[in-house]
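Line by line, the protein sequences are chains A and B. So the first sequence is numbered by the working numbering: it starts at 43 and just counts up by one. So the second sequence is numbered by the working numbering: it starts at 571 and just counts up by one. One structure below.
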Amino acid sequence: MTRRTGYWLRTVAINAAAAAVVTFVFNDVTPATPWRRSLEVFGIAFLFASCIGVLCATVLPRLARGAICRLPPPLYWAVLIVAMAVVSVAGCAVAIALLRATGYIATGSMAIRWLVGSLKISIVMTLVIGIFVTALETLRTRLDETTGALRTKERDEAEARRLVAEAQLSSLEARVNPHFLFNTLNSIAALVHEDPAAAERVTGELASLMRSSLDSAATPLVPLDEELRIVRAYLDIERVRFADRLRYHIETTGPVDAAMVPRLSLQTLVENSVKYAVSPRREGASIVVRAAKADGRVRLDVEDDGPGFDAAAVSAGHGLALLKARLTMTYGTRAALLIDSRPARTCVSIDLPGDPA
Amino acid sequence: MIRAYVVDDEALAVKRLTRLLEGTGRVEVAGGASDPEAAVTFLQDHAVDVLFLDIHMPGLTGFEVLQRLEQPPFVVFTTAHDSYALQAFETNAVDYLLKPVEPDRLDRALDKIARVLDKPHFFSKDKLTFAVVNGREHVVDQTLSDLEDRLDGRRFVRIHRATIVNAAFVQELFPGVDGGMLVRLKDERATELSVARDRVRLLKERLGLL
Chain A
43 MTRRTGYWLR TVAINAAAAA VVTFVFNDVT PATPWRRSLE VFGIAFLFAS CIGVLCATVL
103 PRLARGAICR LPPPLYWAVL IVAMAVVSVA GCAVAIALLR ATGYIATGSM AIRWLVGSLK
163 ISIVMTLVIG IFVTALETLR TRLDETTGAL RTKERDEAEA RRLVAEAQLS SLEARVNPHF
223 LFNTLNSIAA LVHEDPAAAE RVTGELASLM RSSLDSAATP LVPLDEELRI VRAYLDIERV
283 RFADRLRYHI ETTGPVDAAM VPRLSLQTLV ENSVKYAVSP RREGASIVVR AAKADGRVRL
343 DVEDDGPGFD AAAVSAGHGL ALLKARLTMT YGTRAALLID SRPARTCVSI DLPGDPA
Chain B
571 MIRAYVVDDE ALAVKRLTRL LEGTGRVEVA GGASDPEAAV TFLQDHAVDV LFLDIHMPGL
631 TGFEVLQRLE QPPFVVFTTA HDSYALQAFE TNAVDYLLKP VEPDRLDRAL DKIARVLDKP
691 HFFSKDKLTF AVVNGREHVV DQTLSDLEDR LDGRRFVRIH RATIVNAAFV QELFPGVDGG
751 MLVRLKDERA TELSVARDRV RLLKERLGLL
């Protein structure tokens with residue numbers, strides 16, 4: 043059954059019920075009345091109800107949704123009630139015209155008497171039914187809207203959760219970078235014979251990095267001194283691989299140790315420098331890592347003297363793009379990732395609120 | 571002994587692979603480089619049987635190093651991560667090893683190379699190339715010219731349009747009936763192969779007879 047069919051069936055049912063009420067309450071029909079008479083009264087009442095009902099069902103919904111829907115409730119209802127009254131009078135007129143046309147009502151003056159006589163009951167019935175139905179419809183519409191809003195909210199929340207999970211997964215995959223991992227293991231294998239102490243040290247540093255990657259979902263923010271420890275471990279490992287091709291130093295300013303930063307955020311910037319400035323060049327590059335806390339904000343910079351890269355070319359799966367997404371998720375608009383890349387000087391910075399909450 | 575050369579942009583990696591290769595007892599490492607340009611220079615002047623080549627290097631990638639060599643030897647690629655496997659096989663590499671290289675995988679790669687290097691001779695017939703092993707003829711993938719390019723010229727000599735002989739298997743060189751020269755091989759059948767007249771001098775040079 044379509045909505046429209048259901049709607050009209052409901053209207054017919056209401057009309058029948060209204061007719062029944064009029065028959066038994068407002069006319070002197072009793073169980074004792076002969077059934078033909080009862081039927082006749084019912085038939086006429088049903089005709090009236092139908093005429094009024096059809097008009098109401100056609101006009102009122104359009105009116106309610108259209109011109110007056112923006113009016114404040116008292117005015118809205120007042121207009122509706124007046125409309126219902128008008129429609130019921132019109133409906134009566136139509137019913138009487140039909141009865142006159144079929145000859146049931148003999149003369150014009152009888153018709154007028156009928157009209158006057160039926161007005162009171164018609165208006166009252168129409169108002170009662172009309173208000174009841176309108177209230178029901180309003181409630182239903184509001185319910186639909188609430189349900190709709192609820193579903194949208196649920197969908198948005200599910201989407202947000204999915205994005206977080208995806209970002210965590212990507213960042214995890216990017217963290218456990220196969221090239222880096224296997225190259226480092228190869229270095230360790232070589233160092234075991236050349237310089238066993240260094241082999242042991244690098245093994246520990248690799249373990250630190252891996253542990254940090256694997257923990258990244260659990261504690262997304264870490265103290266800056268912990269992040270710097272990770273950065274130092276990472277740079278030491280890469281120095282084993284690149285030797286003199288990698289030159290670096292780390293500077294801190296202000297009370298940085300306790301400042302909270304996203305885990306592996308500074309490390310991502312350093313890794314980016316190694317990837318673009320050190321790895322592709324025979325002469326390698328110099329990297330300066332800066333961490334500063336001042337005026338309630340934390341500033342992390344990684345600067346290198348490499349050839350730079352095109353900030354616009356940073357693709358979606360790129361470490362920097364993911365970092366940017368993480369920053370937005372954690373801080374909204376209160377944090378920023380800044381890229382300033384020129385030939386021979388590239389500086390990528392993260393600007394964070396000193397207080398993550 | 572298989573003559574090898576190692577190229578990797580990380581000096582530690584060159585050291586380790588050199589140590590592993592020499593440890594097998596069947597490889598002589600002719601040298602190693604962490605600068606791909608230096609490697610190209612060396613290889614243009616010196617012949618080796620196999621090149622162990624890193625792919626990811628600044629300046630020249632492993633593939634680019636190969637392109638620079640007119641007569642590249644057999645190649646085994648090494649890399650930390652296997653995203654280049656397909657490209658490697660397009661270059662007709664012998665094998666592809668993941669770092670850190672494991673000794674048994676290295677042995678398998680060396681076995682593949684030894685299988686070629688231990689052949690007494692190769693010949694071509696009806697557009698196919700054959701090697702003879704234990705008296706049976708086996709088809710070989712490369713053409714004779716391919717092999718001539720890849721195989722170390724001091725070890726393998728093209729004595730004829732249709733024949734390449736492994737100098738290590740030459741028993742003796744003697745004049746044939748019609749004025750040409752013949753080589754007799756050290757294999758079970760004491761195979762005799764004729765040497766083209768214009769190749770005799772080359773063969774004698776390679777065998778150290780001149």
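Here a beta-carbon is modelled for each residue, glycine too, at the ideal position from N, C-alpha and C. Because the structure is a prediction, the values reported are computed rather than measured.
Where residue 314 of chain A meets chain B, residues with beta-carbon distance less than 9 Å:
In chain order: nothing, as chain B lies at least about 16 Å away.
DSSP three-state call for residue 735 of chain B: helix, strand or coil?
Strand at residue 735 of chain B.
Assuming residue 264 of chain A contacts residue 298 of chain A (C-beta within less than 8 Å), just tell me the rounded distance between them.
Not quite, the Cβ-Cβ distance comes to about 12 Å (not below 8 Å), so this is no contact.
Using the three-state DSSP reduction, which class does residue 654 of chain B fall into: helix, strand or coil?
Residue state for residue 654 of chain B is assigned as coil, using DSSP reduced to three classes.
Helix, strand or coil: which one does DSSP assign to residue 587 of chain B?
helix
Contact the stretch 623-631 of chain B vs the stretch 700-718 of chain B: 3+ CB pairs below 8 Å:
no
Cα-Cα, which of A/305, A/103, A/199 and A/192 is closest to residue 262 of chain A?
A/305
Based on Cα-Cα distance, which residue from B/741, B/731, B/724 and B/682 lies nearest to residue 711 of chain B?
B/682
Taking 8 Å as the threshold (C-beta atoms), are residue 395 of chain A and residue 349 of chain A in contact?
Not a contact, by the Cβ cut-off of 8 Å.
Based on the DSSP secondary-structure assignment, which residues constitute the bridge partners of residue 334 of chain A?
A/295 and A/341
Looking at residue 752 of chain B and residue 761 of chain B, is the spacing between their C-beta atoms short of 8 Å?
no
Any C-beta of chain A sitting closer than 8 Å to the C-beta of residue 601 of chain B?
So no, residue 601 of chain B is outside the interface.
Is the beta carbon of residue 222 of chain A less than 8 Å from the beta carbon of residue 669 of chain B?
No. Outside cutoff.
Residue 589 of chain B versus chain A: which residues are under 8 Å apart at the beta carbon?
235
Using only CA atoms, which one of A/191, A/295, A/254 and A/317 lies nearest to residue 280 of chain A?
A/317
For residue 8 of chain A and residue 89 of chain A, what's the separation of their Cα atoms in angstroms?
Chain A is shown only over 43 to 399; residue 8 of chain A falls outside these bounds and no answer can be derived.
So with CB distances below 7 Å, who are the chain A contacts of residue 629 of chain B?
324
Nearest to residue 746 of chain B by CA position, among B/731, B/758, B/766 and B/677, is which residue?
Selection B/731, B/758, B/766 and B/677 evaluated against residue 746 of chain B yields B/766 as nearest (Cα-Cα).
Express the C-alpha separation of residue 189 of chain A and residue 257 of chain A in angstroms, rounding to a whole number.
38 Å
Residue-chain proximity (residue 583 of chain B, chain A), Cβ-Cβ < 8 Å
yes
Taking the C-alpha atoms as reference points, what is the distance between residue 769 of chain B and residue 572 of chain B?
25 Å
For the candidate residues B/757, B/735, B/758 and B/748, whose alpha-carbon lies nearest to that of residue 774 of chain B?
B/735
Any beta carbon of chain A sitting closer than 8 Å to that of residue 668 of chain B?
yes
Checking 8 Å against the spacing of the C-beta atoms, do residue 592 of chain B and residue 599 of chain B come in under that value?
The answer is yes: Cβ separation under 8 Å.
Any beta carbon of chain B sitting closer than 8 Å to that of residue 319 of chain A?
no
Exposure of residue 151 of chain A, with buried meaning 16 or more beta-carbon neighbours within 10 Å:
Label assigned to residue 151 of chain A: exposed.
According to the neighbour-count rule (16 or more other Cβ atoms, all chains shown, within 10 Å of its Cβ), is residue 365 of chain A buried or exposed?
Residue 365 of chain A comes out buried.
Starting from the Cα of residue 69 of chain A, find the closest Cα among A/379, A/331, A/226 and A/163 and give me that residue.
A/163
Under 8 Å between C-beta atoms, does residue 221 of chain A make it to chain B?
yes
Could you round the C-beta distance between residue 113 of chain A and residue 121 of chain A to whole angstroms and report it? I think they count as a contact, below 8 Å.
7 Å
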